[in-house]
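Working notes for the structure below.
Chains as they are written, first to last, in the working numbering: chain A, 1047 to 1508; chain B, -7 to 86; chain C, 3 to 436.
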């Protein structure tokens, strides 16, 4: 069911920056046993004081530049005051009136999604419950995560459907991936979504984790709001929570009072003055981003937008493509990168940069195919090993004992010899017999052969 | 701006402070007296003045992204009995 | 200096005057000093004068304590203070209230009362580490007839100081003489990378500013703070006698008007309370500090703990501070005060173009009796800080020197940022000629 494209959806996306140490102290950002990466500063012990991690600021500037924001020359940290067990000082150090970045934009499909602001803040601790959230008498708090640097990206409500929001989010993350500022493996993005329809009031769905959940939550909320409109019910601004188990959006229990964050500038922290030289230096560190890359790939290699999009989804795959295309035939390279390699990586749930596959091994693979020493099917099997193996292509080919295509002739002849009846059947017009014969050859060759090639050979010989 | 018990109750909630009835009354009076003195500051013009977050100029104070030693378990939990299996115990959420 | 001697003396003095909340039974040999109880001492109870930290033992030393220990100083004990620094008479101490060694029916001043009292009364220790937010070193220095130095904001590291108001807190020193206070300042001052508001400058030896001839100094006596109804008659008389002493020794003193004198107190308190209300948010009965039975939701639990263990003045300042940062009031109070601080500092800087130091009495009153203090309402209490809040607000260095030996009236010399040399030289000079 196609939704009306007139929802107003804004996202607040929290990205954990991959610095080695926390935002305001030297504790490690790696996770470990509970409360082992903590100190007096991130535990909020009286007397402790914060000092800003330079790298976190540089990463945030990089992010702002990549999303076309204006980097605010002077910006300040603020205290957002509220009580909650995950806040070790009962205030969060964030940026309020004067954030690091403002007024950016991301070109997405045929639209421009505006970025209202990006700011730096500290992550709260993580809370667990001895039983479930509603029937535990107390909670258990691990402050390892407390103080890890976050960037919060706030978009304008320019997205118009749940699907669009999900796709935009994926695209945004792929851009951020290129910047190498966040640990995609160890961190799930956290999103707050603001959703309204014409005639309704804004609902804020807090703390949604993962792309699919974002689409489900927003989708559910739009349906819920439409229902209320139909029934002529009254609307009020609400805060909601997405329950990933039931896939429902539930209003958060109304507090007995309205929170007032009472922001002050953090008097322990000097203002940040971002100089032009720093901005220039960081700008130079930003690689070609997906938007420009797609355009260039289409032009330079005469690719379709679909193919270019797949390539661009991971910077390393694209780099591999561009290297390989110098050494092997274009269509083959496309098939192997966007088809086979991407499939193998997805199946194993890893990114190319996390695998052991090297450029040399991949190009070697392509060359062997071109020389007819390997089929594409064999390349598929080889890739599944190459992504985890330190060995090179030649070694693995030997190890896996792939049937050389010359040997193939012998096997085909052997099978045809043993199955004269099937050959006759085929000649009489029974195409199933051909499949049977192909199957027999595959069995002989212990699967290490390409079905299409076998078919060709059989037909040659019959 | 009306200074009354309702205001004190609201401020107390935001500040996470329980107050007894007599305390609320006495704070209403305190607020009135004190804010009368403090409100004087409203009379002075402050256009074009910088915000003085610290009284002395500071900017761009950073630490490098190096990992330093964390506290050991004994130190972490030295000042509390509210702990369980390596976690801090806190009050329930709902 | 033998340990048992100074510990025994501390205990004896405590029986009479309650200077200490905690005496350091584990003290070893060294130069004995007392430390205000809002400065973290590793393994030694640190309460900030509050019940909510009654059982609290820090797991780290404040930077000033590390420095003191390296220079062979030893902490005799942690001195009594108004809870978190909230007060001018140390009567808001949740533990025994320190008594004035000159007259035990009177206040030591506050909030660093215990430290000033001990410095005066001890025969074995001649200096102490104190802290000032709005005048909490100067006031007790005057009331207990000792010297108190409040350095430029950022000169001494605040790492390990339990916060009252981060943009106003400064650690400083008490001494029986200017020299004693200066020697300790030498030890505790200096850049600290753990404190983001620590001034990056080379280490200075402040002792070299002692024994100087300051006749060419131009002293500006602030008119509004040195005459008239706001000042007790005895204080006024002693003060002007002191001014005459300077003049008869060749120092030029001229009366000057400080145009914003009406603003300093409210601007100070607005900023101080707003910051304090955020600093005190962390005390909620988890991770450290006093607790209650863990029942109720987090807001209920926090509110119950804080009600039980905060004193009245702490609650008052939390409420006022929270109010003045709330949406709808924030611009009129908090933001306005931050802008006015710039204006006030500018005004001081104008005066320092003409004068080397500014001068006023330290306090407008003599040390009050405890029975008198009980009768004061909050506004009257706050108004006692009228002479010290201005320089504290702008982070200026200042020194209070007793107008005469054993007299509970102080001469308050104030200089521009990082001009400790001037206040030390003139304070020391006055001490010689008074």
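Ideal placement from N, C-alpha and C gives every residue a C-beta, glycine not left out.
Since residue 1225(A) and residue 1060(A) are thought to touch, with beta carbons under 8 Å apart, how far apart are those beta carbons, to the nearest angstrom? Beta-carbon to beta-carbon, residue 1225(A) and residue 1060(A) are separated by about 16 Å, too far to satisfy the 8 Å threshold.
Endpoints, the alpha helix (DSSP H) within which residue 1336(A) is located: 1336 to 1347
Less than 9 Å between the beta carbons of residue 269(C) and residue 342(C), yes or no? Between residue 269(C) and residue 342(C), the gap from beta carbon to beta carbon is short of 9 Å.
C-beta contact flag for residue 366(C) and residue 91(C) at 9 Å: no
In angstroms with no decimal places, state the Cα-to-Cα distance between residue 333(C) and residue 325(C). When rounded, the separation of the alpha-carbon atoms in residue 333(C) and residue 325(C) is 11 Å.
DSSP-derived helix/strand/coil call for residue 1232(A): coil
Identify every run of the beta strand (DSSP E) within the region 158 to 235 of chain C, keeping only runs that are complete inside it and at least 3 residues long; order them along the chain. If you keep only unbroken beta strand (DSSP E) runs of at least 3 residues inside the region 158 to 235 of chain C, you get 172 to 177 and 220 to 224.
Please classify residue 1062(A): does DSSP put it in a helix, a strand, or coil? strand
Whose C-beta lies closer than 6 Å to the C-beta of residue 282(C) among residues of the same chain, with five residues either side of it excluded? 320
Using the three-state DSSP reduction, which class does residue 24(C) fall into: helix, strand or coil? strand
Output the distance between the C-alpha atoms of residue 267(C) and residue 391(C), rounded to the nearest integer angstrom. So the alpha carbons of these two residues sit roughly 6 Å apart.
Quick check on residue 281(C): does DSSP put it in helix, strand or coil? helix
Residue from 1064(A), 1205(A), 1102(A) and 1368(A) with nearest C-alpha to residue 1231(A): Answer by Cα proximity: 1064(A).
Report yes or no: do the region 74 to 81 of chain C and the region 158 to 175 of chain C share at least 3 C-beta pairs separated by less than 8 Å? no
Does any residue of chain B have a CB that is nearer than 9 Å to the CB of residue 78(C)? No - not a single Cβ of chain B is within 9 Å of the one on residue 78(C).
I'd like to confirm the pairing. Which residues does DSSP put opposite residue 129(C) in its beta bridges? 177(C)
Is residue 336(C) near residue 273(C), with beta carbons less than 9 Å apart? yes
Which partner residues of residue 1151(A) appear in the DSSP bridge assignment? Answer by DSSP bridge pairing, in chain order: 1160(A).
Tell me whether the beta-carbon of residue 47(B) lies closer than 9 Å to the beta-carbon of residue 347(C). yes
When the Cα atoms are used, what is the spatial distance from residue 1306(A) to residue 202(C)? 37 Å
Check the Cβ of residue 76(B) against every Cβ in chain A and list those closer than 7 Å, keeping chain order. 1186
Among the candidates 21(C), 60(C), 145(C) and 134(C), whose CA atom is the shortest distance from the CA of residue 153(C)? 134(C)
Unbroken alpha helix (DSSP H) runs of length 4 or more, entirely within the region 1081 to 1161 of chain A: which are they? You should have 1100 to 1112.
If we count the other Cβ atoms within 10 Å of its Cβ and call it buried at 16 or more, is residue 1292(A) buried or exposed? exposed
Short check: CB of residue 38(C) to CB of residue 24(C), under 9 Å? no
Give a yes or no on whether 9 Å exceeds the smallest Cβ distance from residue 29(B) to chain C. Taking Cβ atoms only, chain C reaches closer than 9 Å to residue 29(B), which makes this a yes.
Is residue 200(C) near residue 161(C), with beta carbons less than 9 Å apart? yes
Return the Cβ separation of residue 20(C) and residue 139(C) in integer angstroms, given the expectation that the two are a contact with Cβ distance under 8 Å. The pair is not a contact, with the Cβ atoms about 19 Å apart (cut-off 8 Å).
Can you give the Cα-Cα distance for residue 1303(A) and residue 6(B), rounded to whole angstroms? 8 Å
For residue 159(C), which residues of its own chain have a beta-carbon under 6 Å away from its beta-carbon, when the five flanking residues on both sides are left out? 65, 194, 197 and 200
Residue 89(B) CB to nearest chain C CB: under 9 Å? In the structure as shown, chain B starts at -7 and stops at 86, and residue 89(B) therefore has no counterpart that could be examined.
Can you pull the chain C neighbours of residue 1125(A), defined as C-beta to C-beta under 8 Å? Neighbours of residue 1125(A) across chain C, judged by C-beta separation under 8 Å: 280.
Starting from the beta carbon of residue 1107(A), find every residue of chain B whose beta carbon is closer than 8 Å, and list them in chain order. Those within 8 Å of residue 1107(A) in chain B number zero; the least Cβ separation is about 13 Å.
According to DSSP, residues forming a beta bridge with residue 33(C): 75(C)
For residue 1197(A): DSSP bridge partner residues: 1061(A) and 1166(A)
Just checking: is the beta-carbon of residue 400(C) within a distance shorter than 9 Å of some beta-carbon in chain B? no
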